[in-house]
Structure formats: C-alpha cells, structure tokens
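*Asks:*
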Amino acid sequence: MLESNPPTPMLELENLRVHFPTKSAVVRAVDDISLKLYPGEILGLVGESGSGKSTVGKAALRLIDPTDGKIRINGSDITDASGKDLKPVRTKAQLIFQDPHSSLNPRMTIGKIVAEPLLIHSQLRGSELAETVSKLLGRVGLPSQFLHRYPHELSGGQKQRVAIARALSVDPDMLILDEPTSALDVSVQAQILEFLKELHDERPRMTSLFISHNLAVVRFLCHRIAVMYLGRIVEEGPVEQVFSHPQHPYTKALLSAVPLPQAERNAGRIHLQGDLPSPVDLPSGCAFHPRCPQAAAGKCDKESPIWVTVGASRARCHFAGDVE
Ligand code: SF4
Numbered sequence: 001m002l003e004s005n006p007p008t009p010m011l012e013l014e015n016l017r018v019h020f021p022t023k024s025a026v027v028r029a030v031d032d033i034s035l036k037l038y039p040g041e042i043l044g045l046v047g048e049s050g051s052g053k054s055t056v057g058k059a060a061l062r063l064i065d066p067t068d069g070k071i072r073i074n075g076s077d078i079t080d081a082s083g084k085d086l087k088p089v090r091t092k093a094q095l096i097f098q099d100p101h102s103s104l105n106p107r108m109t110i111g112k113i114v115a116e117p118l119l120i121h122s123q124l125r126g127s128e129l130a131e132t133v134s135k136l137l138g139r140v141g142l143p144s145q146f147l148h149r150y151p152h153e154l155s156g157g158q159k160q161r162v163a164i165a166r167a168l169s170v171d172p173d174m175l176i177l178d179e180p181t182s183a184l185d186v187s188v189q190a191q192i193l194e195f196l197k198e199l200h201d202e203r204p205r206m207t208s209l210f211i212s213h214n215l216a217v218v219r220f221l222c223h224r225i226a227v228m229y230l231g232r233i234v235e236e237g238p239v240e241q242v243f244s245h246p247q248h249p250y251t252k253a254l255l256s257a258v259p260l261p262q263a264e265r266n267a268g269r270i271h272l273q274g275d276l277p278s279p280v281d282l283p284s285g286c287a288f289h290p291r292c293p294q295a296a297a298g299k300c301d302k303e304s305p306i307w308v309t310v311g312a313s314r315a316r317c318h319f320a321g322d323v324e
C-alpha cells in the first residue's frame with residue numbers, strides 16, 4: 001500500500017545558526033538547530049534564559065538574519081528573501097512578544113493599533129474596517145469601548161489581548177509567541193492560555209511556536225516540546241512522553257523544578273551546578289558536561305553526543321535510552 005506523503009511543515013529550520021561576531025569573539029546564540037513544525041501543531045521551545053530560544057523565534061521570521069542554514073515557511077525558502085518577498089510571509093506568520101506594553105504604540109488608540117496591519121495588508125476601509133476591528137477585539141474578549149482607549153489605560157492582560165487581536169487581524173497561519181504570558185498574573189495567564197487553546201481548536205491549521213521557560217504552561221498548551229541548551233536542541237518529542245520519560249539530564253533537571261502532583265514525580269529536585277556557560281566559549285564534548293550530574297569523565301567532556309531516538313522522542317545524550 002502506498003504511504004501518503006507527510007504534510008509540508010508550516011515552519012522548517014534546517015541546520016540554523018545565528019552567530020553574533022563581537023570585536024574579540026563570536027557569540028553562538030543558535031548553533032545548528034533543525035526542527036519541523038507541522039500545520040495544527042503547537043511546539044513548546046523551552047530552556048533557561050540565554051539558551052537562544054528567542055533568537056530562534058526572531059530568526060524564523062527573518063527579524064534576525066541567520067549566519068547559516070535554511071528557513072522555510074509553508075515550503076517557501078525565505079533564508080535569503082528580501083523585503084518585498086518577506087511581506088507575505090510576515091502577514092501569514094505573526095510574532096507576539098512577552099511585554100505587550102512595549103509592542104503597542106502609546107500614542108495610538110487601541111482601535112488604530114488593531115487597524116494598522118489591516119490598512120497595510122487589506123483593502124478594508126471605513127465602516128468595514130471599523131466593524132472588523134470591533135469583531136477582533138470581541139474575539140479576544142474586549143468590549144468595543146476599548147477602541148478609543150490608549151495602551152496606558154489597559155491592564156497587562158488586556159494589552160496582551162490587544163497584541164493578539166492585532167496579530168490575528170491579518171488571518172495568520174502561524175504564531176510565534178515569545179513568553180507571551182510570563183509578564184502576567186497567574187489568573188490572566190490562564191485566560192490567555194485558554195484563549196490560545198480555543199483558537200487552535202477553532203482553526204485546525206493554526207500552528208504555533210510557543211517560546212517559554214515555564215514547563216507547566218508548555219505541558220498545558222503544547223503538543224510537542226523541544227528543549228534548548230546553549231544554542232542547541234538537546235531533546236524533543238511529544239509533550240506527554242518527554243514529561244513522563246525525559247531522556248536528557250538537562251530536561252530531567254528542568255522538569256524536577258516543575259510543580260507536579262507527588263504521584264507523577266519520579267525523583268526529587270535536581271539542582272544544576274554553576275551557571276549557563278558563555279555561548280562565546282562552548283565547553284568541549286557535550287556542552288552540558290560541566291553541569292551534568294550524569295557526566296562520564298573521558299567521554300562526555302570529549303565526544304559530542306549525537307541524536308538517540310527513544311520511542312517517539314529523541315535526545316542528544318550518550319546515555320539516552322539507557323536509564324529511566
Ligand atoms: Fe550528561 Fe554526558 Fe549525556 Fe551530556 S552526554 S547530557 S554530559 S550524560
């Protein structure tokens with residue numbers, strides 16, 4: 001029987017590198033990342049601050065130029081695309097930032113902020129435009145009185161809803177959400193996450209890259225998870241498998257800090273030694289070896305691990321699959 005072809009990924013990063021040269025060295029913010037994000041999926045990209053996850057999000061939309069590798073959106077190679085060719089891509093893929101306040105122009109009313117992309121990317125004008133903007137605000141749970149307010153009159157959660165309404169105004173297929181709830185109160189955070197879940201339920205092709213340091217949030221929202229350490233992905237797989245059977249010691253350490261019911265917790269908290277090393281001077285062998293509680297001297301400090309597949313997930317550790 002013939003197998004059907006896999007769908008075209010909405011986002012594909014192939015051997016992506018983003019290096020920032022300084023006067024004396026090169027900062028390897030993203031160092032050889034490959035991932036595919038299929039239509040309808042929500043992929044959680046997690047890691048400590050400084051792991052390079054935000055740089056991946058910006059490079060995926062070419063807000064930062066890659067040093068090497070390929071970026072494809074819905075099958076189109078945009079690695080070297082210029083401004084004119086990037087315009088349709090930036091319509092179909094929208095970025096939502098952590099701090100909604102800094103992403104909203106304080107001198108514009110909410111109505112104008114949400115209308116702005118429609119004025120650029122659509123033919124809507126006059127009453128049709130006003131009606132669409134009102135509907136978008138309603139879609140994110142804000143009444144039409146907000147049309148005439150300014151960002152400083154809104155709470156953090158309301159501002160993030162405005163940022164989402166603006167992103168949805170151009171009917172995107174993909175959202176890149178960079179810590180979209182981490183500046184919000186827990187209750188507001190829950191409302192925004194529920195909204196994002198509903199959005200995906202309503203629109204089966206909607207695809208999201210959800211960048212977060214909060215694994216509990218990723219577990220709630222995402223289908224798959226990719227764990228980053230020092231500019232590289234070290235483990236990826238379905239959320240349930242990675243949470244129940246993490247293979248990489250770094251993933252295990254991150255998960256050990258997540259509040260979980262006692263019945264789900266396999267071990268106690270794993271405290272990593274030291275800080276994240278500098279991306280200017282990466283450790284030899286496995287870059288995690290100076291902090292890894294399972295590091296094997298003579299091997300981990302010398303040999304860079306390759307991917308090991310375990311069930312539906314995979315990890316970059318010499319000992320992945322050996323122990324639970
Ligand atoms: Fe730890 Fe070695 Fe695995 Fe790296 S390869 S994560 S140092 S056990």
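Per the working numbering, residue 1 is the first one in the sequence shown, and the count goes up by one each step. Where is the CB? At the ideal position from N, CA and C, for every residue including glycine. If you're wondering where the values come from, they're calculated on a predicted model, not measured in any experiment.
#1: Report whether the distance from the Cβ of His121 to the nearest heavy atom of the ligand SF4 is below 6 Å.
#2: Per DSSP, Met174 is paired with what?
#3: Should the region 40 to 48 be called in touch with the region 217 to 232, which here means at least 3 C-beta pairs below 8 Å?
#4: Once the 5 residues before and after Thr8 are set aside, which same chain residues still bring their CB inside 7 Å of it?
#5: Whose CA, out of Arg72, Ile110 and Gly111, lies closest to the CA of Lys92?
#6: Per DSSP, Glu235 forms a beta bridge with which residues?
#7: Figure out for me which residue from Ala60, Val18 and Asp31 has the closest Cα to the Cα of Leu37.
#8: Is it the case that the CB of Ala315 approaches a heavy atom of the ligand SF4 more closely than 6 Å?
#9: Please list the terminal residues of the continuous alpha helix (DSSP H) segment that includes Val218.
#10: So Val234 packs on Arg316, CB below 8 Å; how close in whole Å?
#11: Looking at the secondary structure, which residues open and close the beta strand (DSSP E) in which Ile71 lies?
#12: Output the boundary residues of the alpha helix (DSSP H) element that contains Asp201.
#13: Excluding the 5 residues preceding and the 5 following Val242 in the sequence, name in chain order all residues of the same chain whose CB lies nearer than 7 Å to its CB.
#14: Count the other CB atoms within 10 Å of the CB of Ser284; is the residue buried (16 or more) or exposed (fewer)?
#15: Since Met174 contacts Ser208 with CB under 8 Å, what's their CB separation in whole angstroms?
*Replies:* On the basis of the data shown:
#1: no
#2: Ala93 and Thr207
#3: yes
#4: Counting only Cβ-Cβ distances below 7 Å, and skipping sequence neighbours, we find Asn74 and Gly75.
#5: Checked all of Arg72, Ile110 and Gly111; the closest Cα to Lys92 is Arg72.
#6: Val227 and Ala315
#7: Ala60
#8: no
#9: Boundaries of the alpha helix (DSSP H) around Val218: Leu215 to Leu221.
#10: 5 Å
#11: First-last of the beta strand (DSSP E) with Ile71: Asp68 to Ile73.
#12: Val186 to Glu202
#13: Ile225, Glu235, Thr251 and Ser313
#14: exposed
#15: 7 Å
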